[in-house]
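J.:
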Amino acid sequence: MAANVLQWRSEEDTLKLIGILDRDSLMSFWDDRHTLLEGKKRLDLSGLERVDSAGLAMLVHVQNTGATSAPQIVITGVSERLRTLIALYNLNDILLTDSALLAS
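Letter by letter, the sequence shown follows residues 1 to 104 in UniProt numbering.
1. Run through the segment 22-92 for me and flag every whole alpha helix (DSSP H) of 4 or more residues, listed as ranges in chain order.
2. What's the C-alpha gap between A67 and G39?
3. Among T97, S10, V5 and Q72, which has the Cα closest to the Cα of T35?
4. Output the distance between the C-alpha atoms of A54 and S25, rounded to the nearest integer angstrom.
5. Leaving aside the five residues before and after L101 along the sequence, list all residues of the same chain whose C-beta is less than 8 Å from its C-beta, in chain order.
6. Within this structure, are the beta carbons of I18 and L48 separated by less than 8 Å?
7. Can you grab the Cα-Cα spacing for the pair L88 / R81, in whole Å?
8. Alpha carbon to alpha carbon, how far is T84 from L6?
9. Here's a check: name, in chain order, each residue in its chain whose Cβ is nearer than 8 Å to the Cβ of L95, leaving out the five neighbours to either side.
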């Protein structure tokens with residue numbers, strides 16, 4: 001079985017995550033998150049195949065620990081499976097996603 005791999009790509013004001021975001025793969029991102037997210041307005045998850053509860057916890061942390069002077073990062077490209085996980089953990093009012101912005 002192949003190892004879980006998480007990759008990322010910077011696209012202007014967006015950081016795109018690609019692969020699998022789980023407890024086995026997130027440490028490489030976690031270690032560099034401040035540098036990777038500096039100046040970013042969006043975190044695009046459309047390239048993710050799977051996100052587990054550890055990955056979801058990291059997303060909550062990343063979004064809610066940004067600099068107070070910087071706007072909060074909007075999470076885009078959220079899959080239906082991740083939307084379900086967000087709802088199960090009652091995080092709809094905590095995570096700022098593109099679908100939450102469209103609903104308001």
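Just so it is clear, CB atoms sit at the ideal spot from N, CA and C, and this is done for glycine as well.
What you are looking at is a predicted structure, and each value in this text was computed from that prediction instead of being measured.
T.: If we stick to the structure as given:
1. If we require 4 residues or more, the alpha helix (DSSP H) runs fully inside the segment 22-92 come out as 27-37, 53-64 and 80-88.
2. Note that A67 scores 47 on pLDDT, short of 50, meaning its location in the model is unreliable; the coordinates nonetheless yield the value given after this. Cα-Cα distance, rounded: 10 Å.
3. A check of alpha carbon separations from T35 across T97, S10, V5 and Q72 identifies S10 as the nearest.
4. Each residue's Cα considered, the two are about 10 Å apart.
5. Below a pLDDT of 50, predicted positions are generally treated as unreliable, and L101, at 49, falls in that range; the measurement from the model is reported next regardless. Leaving aside the five residues that flank L101 on each side, the residues in its chain whose CB is nearer than 8 Å to its CB run, in chain order, V74.
6. In contact: I18 and L48 (Cβ atoms closer than 8 Å).
7. Here the alpha carbons of R81 and L88 stand approximately 11 Å from one another.
8. About 21 Å.
9. The answer, listed in chain order, is L59, V60, Q63, I75 and I86.
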